[in-house]
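Quick notes on the structure that follows.
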Amino acid sequence: KDDCPGDYQWIERKDGRKIKSCMDCMWPHRPENYEKIVKILAGS
């Protein structure tokens, strides 16, 4: 999703396509974000 509240980055592949990289994102690992993650995954 493009509307993710985490700290993702866009990486350009060799073929020119851009993909989202969540490798360095710590947002979902913070306990205070648990409820937000559950809501995102539930689709609300």
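Count the sequence shown with the numbering used here and you get residues 1045 to 1088, in order.
Glycine included, every Cβ here is placed at the ideal spot set by N, Cα and C.
For the 9 Å CB-CB criterion, residue 1054 and residue 1063 form a contact.
With distances taken between CA atoms, residue 1068 lies nearest to 1051 out of 1059, 1051 and 1084. Bounds of the beta strand (DSSP E) holding residue 1056 are 1053–1056.
Straight across, the Cα-Cα distance linking residue 1085 with residue 1061 is about 26 Å.
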